[in-house]
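Trainee: For what it's worth, the numbering used here labels the leading residue of the sequence shown as 132, then goes sequentially.
Provided herewith is a single structure, encoded as C-alpha coordinates, for subsequent inquiry.
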Amino acid sequence: FEPKSGDVVFNKKSSESLTTNSYLNQFIRVYEIYGYVVEIMVNKGKLCALIPGQPLYELVPEAKNEFSVKSLAGYTVRFVMSPDHTVDEVLLLQPYDAFSAKPKR
(Lines of atoms letter the chains of each structure in order from A; the text may use other names.)
(Lines give C-alpha, C1' and ligand atoms only; values in the text may rest on other atoms or scores of the structure.)
Protein backbone atom coordinates (compact mmCIF):
# COMPACT_ATOMS: atom_id res chain seq x y z
CA PHE A 132 0.00 0.00 0.00
CA GLU A 133 2.60 2.37 -1.16
CA PRO A 134 1.30 5.65 -2.55
CA LYS A 135 3.47 5.26 -5.67
CA SER A 136 2.51 1.65 -6.39
CA GLY A 137 -0.22 0.64 -8.81
CA ASP A 138 -3.75 -0.34 -7.89
CA VAL A 139 -4.22 -3.51 -5.91
CA VAL A 140 -6.77 -5.67 -7.74
CA PHE A 141 -8.56 -8.60 -6.12
CA ASN A 142 -10.09 -11.14 -8.49
CA LYS A 143 -12.80 -13.35 -7.08
CA LYS A 144 -12.22 -17.02 -7.79
CA SER A 145 -15.28 -19.26 -7.73
CA SER A 146 -15.32 -22.42 -5.67
CA GLU A 147 -13.88 -25.38 -7.54
CA SER A 148 -17.01 -27.38 -6.70
CA LEU A 149 -18.92 -25.03 -9.04
CA THR A 150 -16.78 -26.00 -12.02
CA THR A 151 -16.76 -29.80 -11.90
CA ASN A 152 -18.28 -31.70 -14.82
CA SER A 153 -20.78 -33.45 -12.55
CA TYR A 154 -22.01 -30.08 -11.25
CA LEU A 155 -22.19 -28.40 -14.68
CA ASN A 156 -23.83 -31.38 -16.40
CA GLN A 157 -27.03 -30.98 -14.35
CA PHE A 158 -27.80 -27.77 -16.27
CA ILE A 159 -27.29 -29.17 -19.80
CA ARG A 160 -30.60 -28.99 -21.60
CA VAL A 161 -32.62 -27.04 -24.13
CA TYR A 162 -34.87 -24.37 -22.64
CA GLU A 163 -37.73 -22.42 -24.22
CA ILE A 164 -38.49 -18.75 -23.79
CA TYR A 165 -41.21 -17.03 -25.82
CA GLY A 166 -40.89 -19.59 -28.62
CA TYR A 167 -37.09 -19.28 -28.77
CA VAL A 168 -34.65 -21.90 -27.60
CA VAL A 169 -31.61 -21.50 -25.39
CA GLU A 170 -29.27 -24.46 -25.32
CA ILE A 171 -27.10 -24.81 -22.23
CA MET A 172 -24.01 -26.93 -22.90
CA VAL A 173 -20.52 -27.59 -21.64
CA ASN A 174 -17.85 -26.47 -24.10
CA LYS A 175 -14.15 -26.97 -23.25
CA GLY A 176 -15.02 -27.50 -19.60
CA LYS A 177 -17.06 -24.29 -19.32
CA LEU A 178 -20.83 -23.91 -19.08
CA CYS A 179 -22.12 -22.00 -22.11
CA ALA A 180 -25.39 -20.72 -23.54
CA LEU A 181 -26.18 -20.96 -27.23
CA ILE A 182 -28.97 -18.83 -28.65
CA PRO A 183 -29.60 -19.20 -32.41
CA GLY A 184 -28.10 -16.31 -34.37
CA GLN A 185 -25.93 -15.15 -31.46
CA PRO A 186 -22.40 -15.98 -30.31
CA LEU A 187 -21.70 -18.68 -27.76
CA TYR A 188 -21.89 -17.11 -24.29
CA GLU A 189 -19.62 -18.45 -21.55
CA LEU A 190 -21.26 -18.64 -18.13
CA VAL A 191 -18.99 -17.98 -15.15
CA PRO A 192 -20.01 -19.49 -11.79
CA GLU A 193 -20.77 -16.83 -9.17
CA ALA A 194 -22.69 -18.81 -6.54
CA LYS A 195 -24.55 -22.10 -6.30
CA ASN A 196 -26.78 -22.38 -9.41
CA GLU A 197 -25.96 -18.81 -10.49
CA PHE A 198 -23.69 -17.74 -13.34
CA SER A 199 -22.72 -14.41 -14.85
CA VAL A 200 -22.42 -14.02 -18.62
CA LYS A 201 -18.72 -13.45 -19.21
CA SER A 202 -19.03 -11.03 -22.14
CA LEU A 203 -22.10 -9.11 -20.88
CA ALA A 204 -21.74 -7.10 -17.68
CA GLY A 205 -24.87 -7.19 -15.53
CA TYR A 206 -26.33 -10.31 -17.16
CA THR A 207 -26.92 -13.34 -14.93
CA VAL A 208 -28.33 -16.83 -15.43
CA ARG A 209 -29.92 -18.43 -12.36
CA PHE A 210 -31.08 -22.04 -12.36
CA VAL A 211 -34.08 -22.71 -10.12
CA MET A 212 -34.01 -26.29 -8.93
CA SER A 213 -37.00 -28.51 -8.12
CA PRO A 214 -37.14 -30.67 -4.97
CA ASP A 215 -35.84 -33.65 -6.98
CA HIS A 216 -32.71 -31.62 -7.93
CA THR A 217 -33.56 -31.07 -11.59
CA VAL A 218 -33.84 -27.67 -13.25
CA ASP A 219 -37.37 -26.32 -12.91
CA GLU A 220 -36.71 -23.02 -14.69
CA VAL A 221 -33.93 -20.67 -15.69
CA LEU A 222 -34.06 -17.00 -14.81
CA LEU A 223 -32.31 -14.79 -17.34
CA LEU A 224 -31.54 -11.61 -15.43
CA GLN A 225 -30.63 -8.45 -17.32
CA PRO A 226 -29.91 -4.96 -15.99
CA TYR A 227 -33.50 -3.78 -16.55
CA ASP A 228 -35.56 -6.95 -16.88
CA ALA A 229 -35.79 -10.65 -16.11
CA PHE A 230 -37.13 -13.56 -18.15
CA SER A 231 -38.05 -17.10 -17.24
CA ALA A 232 -37.18 -20.05 -19.47
CA LYS A 233 -38.58 -23.54 -18.96
CA PRO A 234 -36.97 -26.84 -19.92
CA LYS A 235 -38.17 -27.93 -23.36
CA ARG A 236 -40.39 -30.98 -23.00
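Quick reminder that beta carbons are idealized off the backbone N, C-alpha and C, glycines included.
In this text the structure is predicted, and so the values were computed from the model without any measurement.
(1) Hey, V208 and L187: beta-carbon distance below 7 Å or not?
(2) Within this structure, are the beta carbons of V169 and Y162 separated by less than 7 Å?
(3) How long is the line joining the alpha carbons of R236 and E197, rounded to whole angstroms?
(4) Which residues does DSSP list as the beta-bridge partners of T207?
(5) Would you tell me roughly how many angstroms separate the C-alpha atoms of K233 and V221, rounded to the nearest one?
Mentor: Quick answer:
(1) The residue you call residue 208 lines up with position 77 of the sequence shown. The residue you call residue 187 lines up with position 56 of the sequence shown. Cβ distance not < 7 Å, so V208 and L187 don't count as in contact.
(2) Walking along the sequence shown from the start, residue 169 turns up at place 38. Walking along the sequence shown from the start, residue 162 turns up at place 31. Yes. Within cutoff.
(3) Counted from its first residue, the sequence shown places residue 236 at position 105. Counted from its first residue, the sequence shown places residue 197 at position 66. Rounded to whole angstroms, the gap between the alpha carbons of R236 and E197 is 23 Å.
(4) To locate residue 207, count along the sequence shown from 1; it is residue 76. DSSP, once it has assigned bridges, lists S199 and L224 as partnering T207.
(5) Translated into the one-based positions of the sequence shown, residue 233 becomes position 102. Translated into the one-based positions of the sequence shown, residue 221 becomes position 90. Taking the straight line from one Cα to the other gives about 6 Å.
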